[in-house]
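Per the working numbering, the sequence shown starts with residue 211, numbered consecutively. Heads up, the beta-carbon is just placed ideally off N, CA and C, and yes, glycines get one too. Here the structure is a predicted model, which means the values were calculated and not measured. Below: the structure, in structure tokens.
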Amino acid sequence: MVVRERKVPEAVEEKTRDKILTAAGDVFAEHGFEGATIRAITERAGVNVAAVNYHFRDKSELYTRVVLDACSLRAAWRNVKADAPDSPEERLRSLIYYFLRALLDPDRPAWKRRLMAREMSEPTEALDVLIEENIRPFRNEFLVPAVNELTGGRCTQRQASLLNASIMGQCMYYVQSQPIIVRLYPDFKIGDAEIVEIADHISRFSLAAIAGLNQQARRSS
């Protein structure tokens, strides 16, 4: 009698993969890449080592996938494309809002922020993958064209780079510096309304800076 191997349903495989990613996120956020063990991850996920090996080649690949998940911009990418306002000012505001929304979502697991804070202070090769697969494409697809259109080519490449870095830096401050923010401003909580408020503030602040550069360029031309 031939015994046929029963195929595990895709939904079950996806659920197992998600359990591993969530457990790994918690463990990596607590102990870092070096301190985390596959055994601790499997125990927290309630799976065996074979399941980890099946979905992820090794600990390094698992860590990279967790970092990518912790800073995923898939939703932001999709929403910015769907929104697509006509004016560059509104496009800038849209991409800032959805970028913040993806990373400040009140329902976002706490381990994601902790893991990214650890990764920023102790960078690994996973950060390079995150930049190339996630952050750089988002910047090049949306932020750079919006800034170029707003400046009309009047600023230097260096000035444009500083504008792009400034806008992203303002956004990342609210993502990575929440422990500082809540101590300096105890009443300042980040929820849905605050994300809108922060996006509006960063947009106005950045547009004012761009207007100033444009005015300076016109004077010197």
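Label ILE405 either buried or exposed according to how many other C-beta atoms from any shown protein chain fall within 10 Å of its C-beta, with 16 as the threshold for buried. buried
Could you tell me the alpha carbon to alpha carbon distance between VAL237 and THR252, rounded to whole angstroms? 10 Å
Nearest residue (CA-CA) to PRO295, options GLN426, ARG284, TYR307: TYR307
With DSSP run on the structure shown, which of helix, strand or coil describes ASN424? The DSSP-derived three-state label of ASN424 is helix.
With a cut-off of 8 Å, do at least 3 Cβ pairs link the segment 367-383 to the segment 263-281? Taking 8 Å as the limit for Cβ pairs, the verdict is that the segment 263-281 does not touch the segment 367-383.
Work out the CA separation of GLN426 and GLU240 for me, nearest whole Å. Going from the Cα of GLU240 to the Cα of GLN426 covers about 49 Å.
Is it buried or exposed for LYS399, if we count other Cβ within 10 angstroms and need 16 for buried? Only exposed fits LYS399, as fewer than 16 other CB atoms lie within 10 angstroms of its CB.
Cβ-based neighbour list, ARG214, same chain, cut-off 8 Å, excluding 5 preceding and 5 following: With a pLDDT of only 49 at ARG214, under the threshold of 50, the placement of this residue in the model should not be trusted, and no figure is reported.
Can we say the segment 365-374 touches the segment 327-343, given the rule of at least three CB pairs closer than 8 Å? no
Would you kindly check if the distance between the Cβ of PHE266 and the Cβ of THR334 is under 7 Å? No.
Kindly indicate which three-state DSSP category THR334 falls into: helix, strand or coil? coil
Under 8 Å by Cβ, that's how I've got LEU283 and ALA312 pegged, so tell me the actual separation to the nearest angstrom. 5 Å
Status (buried if at least 16 other CB within 10 Å, exposed otherwise) for TYR395: exposed
Distance, ASN358 Cα to ARG429 Cα: 19 Å
Could you give the residue range of the alpha helix (DSSP H) that holds ASN289? 284-293
Status (buried if at least 16 other CB within 10 Å, exposed otherwise) for GLU224: When all chains shown are included, GLU224 counts as exposed.
Output the distance between the C-alpha atoms of ARG227 and ARG249, rounded to the nearest integer angstrom. 16 Å
Grouping DSSP H, G and I as helix and E and B as strand, with all else coil, what is ALA261? helix
Whole angstroms is fine: what's the gap from ASP259's alpha carbon to MET330's? It is worth fixing the name first, because residue 259 is Val in this sequence and not Asp. So the two alpha carbons sit approximately 29 Å from each other.
Short of 6 Å in beta carbon distance, which residues of its chain neighbour SER416, apart from the five on each side in sequence? Order them along the chain. ILE377
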